[in-house]
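Using our numbering, read the sequence shown as starting at 56 and increasing by one per residue.
Where a beta carbon is used, it is the ideal one built from N, C-alpha and C, also for glycine.
In this text, all values refer to a predicted model and were calculated from it rather than measured experimentally.
The structure under discussion appears below in the form of structure tokens.
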Amino acid sequence: MTDQAVDAGDTAVSEEEPRPAAEPSPTLDFARAGGPPSTESQFLGRTRELKELRADIERAGLDTLAGRKAPRARVLLIAGKPGSGRTALAEELVRQVADSYPDGVLRARLTEPDGTPVATERTARDLLTALELTAPAGADGDELAERLREGLATRRVLLLLDDAADAEQVDVLLPETPDCLVVAVSGGPLTGISDVRPCTLGGLDTKSALELLDRYTGSVRITVDPLAAEGLVQICASQPAALVLAGAWLAHRPKAAVADLAKQLRTEGDEGRLLDVLERVFRLSYAALPSAAARILRLLSLAPAGLVDPHTASALAGCSVGAARTTLDDFTKLGLVRSVESPLPQYEVPGCLLPLLRSLTETQDRPAELQLARARMLERTVRLLVSCRAITETDSSPAREKLAGMPRALRFPNPRAAADWLRIRQPALLAAARLAVADGELDTLARRLMAALVRAMVAHFGTQAAAPELYGIHRLVLDVAERRDLPREKAAALLNLADLDAQTGRTRNALARYRAALDAGREANDPYATGRAMESVGGAHQELGDYDRAADWFGRALAQRFARDEREDVARLHGRIATAHTYAGRYGEALRNWRSAITGYRKSGDVAGQARALSEMGRVQEYAGRPEESLATCQEAVEWARRAEDARLQAALHLRLADTLDRLGDPTAAGLHRGAAERMLGDELPEDASAREHDANACEIRSTSEED
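If you want it as structure tokens, here you go:
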């Protein structure tokens with residue numbers, strides 16, 4: 056059912072020579088910004104701020120002064136405008152004090168590149184995953200935040216929360232132990248969190264600002280005209296982001312003097328409106344770009360989660376992958392994008408530049424052109440995902456033909472490379488799905504993207520491992536299906552969500568969704584969805600202990616399958632009805648349904664199904680106090696299990712026969728059956744009788760009540 060989210064076309068990826076994998080970081084890391092901390096800091100200045108922040112860690116809090124133990128982790132707040140170097144300061148502080156937190160460093164970004172706060176559910180789930188703690192699919196933000204606090208209660212962890220939008224985002228994630236430390240980065244004070252002293256950032260000191268310029272321009276141009284250099288620093292208000300762009304502009308023009316740049320920036324500031332210093336420097340850098348490069352830069356503002364790889368840039372701009380990568384590397388040298396530490400080429404648009412790029416797209420690009428760029432990007436992503444899945448199916452000729460017909464740039468060299476790409480690009484891929492659904496005008500592409508993403512993740516990671524991400528994707532599918540009035544896809548999404556609910560123990564939630572899926576399936580006149588939903592409703596009632604309703608719903612599903620002459624499903628559903636009756640203690644009804652199941656399996660030629668059904672009927676006969684009948688049925692089941700070549704079922708049946716013969720007073724025959732089981736199971740056979748019975752039950756496939 057996982058595949059039923061939506062339909063998609065098919066596609067596989069290798070690009071240029073893959074870059075060597077980065078050395079694994081000893082910290083638990085969720086940062087998109089900056090990557091894991093370097094052992095050798097390139098940080099400049101902020102000596103006073105760092106000293107104050109480190110002193111604040113040891114400062115006695117209000118609870119300590121009142122004679123109470125601090126109930127939660129200390130929060131250090133770094134406040135400043137985007138581009139002020141607030142994240143860099145936080146990372147440097149983390150680097151300096153990380154050794155005091157032996158359980159690692161956790162990082163999370165709390166705001167999307169477009170300014171939307173990240174849901175607590177996503178943040179808590181990512182942090183739980185980093186801690187290797189359970190994060191059930193479908194759990195809400197409150198439950199996941201509680202699990203996170205419980206997981207951190209016994210750890211000594213440093214938690215870096217970047218780009219916090221408000222106090223509530225931070226408060227819900229605070230570890231309930233003073234042994235942890237939280238470093239929060241925000242645009243201003245976080246009112247509502249007690250005992251927090253914000254460290255508010257202005258510009259760098261002049262010496263550090265000049266040194267930052269020096270790294271780009273070299274010392275000669277700074278020392279030749281120190282007054283001009285200091286003037287440039289003043290024009291840039293000592294803002295690190297502005298200084299980086301200014302330094303990169305000078306580095307790109309080795310013959311230009313520092314005074315020339317300062318003069319141009321003063322001219323930029325004399326226009327009708329007063330420009331922010333960062334915008335002034337950015338406009339100067341942007342104006343010097345060739346028109347094709349300028350267009351690519353503007354379109355990078357459409358990249359999901361602000362993360363760009365050569366394929367994304369290529370699709371947005373409609374150029375080759377190689378040309379896109381060259382352009383991205385050029386942008387990196389100009390300070391317009393940052394290279395993300397990753398085994399694959401990946402870049403990030405600085406958050407402080409995104410509003411400027413969006414403003415440019417509004418004035419210089421037509422809405423239709425932007426929508427076409429989004430569509431190209433989604434189409435390329437779909438093809439990459441289809442390719443990512445297809446590389447796992449190379450044993451089938453259709454998959455080989457599919458791969459052979461793809462452009463070289465879209466092919467992966469092997470399944471490992473495809474899985475690595477999927478893992479590294481997963482945040483951007485999930486963001487692409489969310490943005491495509493939110494857009495509302497590209498729903499066909501959004502549906503194809505989500506279908507391809509589901510199939511690729513299942514192929515490489517498995518349904519269980521990918522369940523949390525799949526849950527989110529199926530919710531997006533449901534949103535589109537409801538918006539577009541697509542009852543068949545609505546039914547499929549509801550069934551998928553309900554299955555994940557059922558797997559994580561939220562049976563009542565699953566039951567509600569199965570019922571909704573039944574309504575949608577009936578509206579779509581989809582017999583598969585309605586039959587599947589009715590059977591699943593019965594399974595949910597059985598899980599809740601309502602065996603009468605379970606049998607009733609299984610009976611409804613049976614009637615539908617019978618009308619469609621789906622014989623194998625009819626036999627299986629007879630088994631499910633029998634199981635419900637067995638749980639309710641109605642052994643006569645159970646036996647009648649097992650006989651019907653056996654007949655159905657025999658007619659369809661399913662030898663293994665017939666053996667399992669006979670095994671279960673023998674069990675029910677034993678429950679009903681008919682040991683002789685159970686003995687005869689189990690002996691028949693052994694013969695059918697032998698024909699089905701199911702050694703474990705044969706062994707389980709031999710053990711049950713041995714126990715039945717013991718109760719009937721025939722220890723000799725019982726010993727023969729135990730010996731047969733020992734030969735089949737070997738070392739797996741338990742030593743004591745009670746364990747043998749337990750293992751026998753485990754070995755049996757409990758009819759098809761446990762199926763699918």
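Taking 8 angstroms as the upper bound for CB-CB distance, G593 and A579 are not in contact here, some 21 angstroms apart. In this structure, DSSP gives V237 an extended state, which the three-state scheme calls strand. One Cα belongs to R421, the other to V288, and the distance between them is close to 37 angstroms. Inter-residue distance for L354 and A423 is about 13 angstroms (C-alpha atoms, whole angstroms). Taking every protein chain shown into account, the CB of Q97 has fewer than 16 other CB atoms within 10 angstroms, so this residue is exposed.
Contact between the stretch 616 to 630 and the stretch 644 to 662 is established, with three or more Cβ pairs separated by less than 8 angstroms. Where A134 is concerned, the enclosing beta strand (DSSP E) starts and stops at R129 to A134. The straight-line gap separating the alpha-carbon atoms of V212 and R109 is approximately 16 angstroms.
Taking D154 as reference, the option from L409, S591 and L236 with the minimal CA-CA separation is L236. For L228, no alpha helix (DSSP H) run applies, since DSSP gives it neither H nor E.
Contact check for E396 against C254 fails: the beta carbons are separated by 8 angstroms or more. If you draw a straight line from the Cα of A687 to the Cα of R587, it comes to about 35 angstroms. Assignment of V160 by DSSP, reduced to helix, strand and coil, places it in the strand class. About 6 angstroms separates the Cβ atoms of A360 and P168, confirming a contact at the 8 angstroms cut-off. A residue is called buried once 16 or more other Cβ atoms fall within 10 Å of its Cβ, and L549 is buried on that count. In this chain, P253 is not harboured by any alpha helix (DSSP H); it is covered by the beta strand (DSSP E) spanning P253 to T255. Out of E266, D234 and D226, the CA that lies nearest to the CA of S249 is found in D226.
In its chain, beyond the 5 residues on either side, E70, P365, H366, S369 and A464 have a beta carbon closer than 7 angstroms to the beta carbon of V376. V173 sits close to T166, with the two beta carbons spaced by under 8 angstroms. With 16 or more other Cβ atoms inside 10 Å of its own Cβ, K545 counts as buried. Here the alpha carbon of L339 sits roughly 54 angstroms from the alpha carbon of A553.
Beta bridge pairing from DSSP links L383 with no other residue. Between the alpha carbons of V675 and R647 lies a distance of about 11 angstroms. Fewer than three pairs of CB atoms, one per stretch, sit closer than 8 angstroms, so the stretch 403 to 412 makes no contact with the stretch 468 to 485. V363 is bridged by DSSP to Y402.
When only Cα atoms are considered, A635 and E201 end up about 36 angstroms apart.
In the structure shown, the three-state DSSP call for A311 is coil. Per DSSP, A208 lies in no beta strand (DSSP E) segment and is marked neither H nor E. Look at L708 here: in three-state DSSP terms it is helix.
The beta carbons of L425 and L357 sit about 7 angstroms from each other, so the pair counts as a contact at 8 angstroms. In this structure, the beta-carbon distance from L704 to H728 does not fall below 8 angstroms. In the three-state scheme derived from DSSP, where H, G and I count as helix and E and B as strand, R674 is classed as helix. Rounded to the nearest whole angstrom, the CA to CA distance from D111 to D280 is 40 angstroms. Under the three-state reduction of DSSP, L541 is assigned to coil, being neither helix nor strand.
Only residues of its own chain outside the window of five on either side were considered, and among them R350, I351, L354 and A379 have a CB closer than 7 angstroms to the CB of A372, listed in chain order. Beta-bridge annotation (DSSP): S685 is not paired with any residue.
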